[in-house]
Structures are given as C-alpha cells and as structure tokens.
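As numbered in my numbering, residues 1 to 51 make up the sequence shown, in order. Just so it is clear, CB atoms sit at the ideal spot from N, CA and C, and this is done for glycine as well. To start, the structure under review is shown below, and the notes come after it.
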Amino acid sequence: MQVLENQAGFRPGRGCIDHIFTIRQILEHRFASRRPTVFFCDLKAPFDSVD
1 MQVLENQAGF RPGRGCIDHI FTIRQILEHR FASRRPTVFF CDLKAPFDSV D
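Structure, rendered in structure tokens:
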C-alpha cells in the first residue's frame with residue numbers, strides 16, 4: 001500500500017496539525033480574496049478503526 005505525499009497519518013514527523021495548518025492557510029487566502037468558500041469536514045467516527 002502506498003501512502004500519498006499529501007497524507008500525514010502514520011508518517012513520522014507528520015500529523016493532524018499539518019492538515020490543520022494547510023486548511024487554515026487555504027481559508028485565510030480564500031477569505032482575503034473574498035471568494036465564496038465551502039468547507040466540509042466529516043468527523044463521524046474518525047477513530048472507529050482504533051482498538
């Protein structure tokens with residue numbers, strides 16, 4: 001199984017904070033340029049596969 005470069009889960013030195021930072025940067029840029037923005041984040045059972 002190949003992990004894509006933009007994925008942070010289970011990769012050394014990467015984690016949720018990396019994606020939070022990226023999302024924030026994108027949203028700040030979109031708001032500054034006054035572009036309509038929709039953000040969808042599916043948080044339903046995010047840890048359902050963790051024992």
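Per DSSP, arginine 24 is one residue of the alpha helix (DSSP H) stretching across 16 to 32. At the C-beta level, threonine 37 and arginine 30 come within 7 Å of one another. For the pair arginine 11 and aspartate 42, the Cα-to-Cα distance works out to about 21 Å. In its chain, beyond the 5 residues on either side, Ala8 have a beta carbon closer than 6 Å to the beta carbon of glycine 15.
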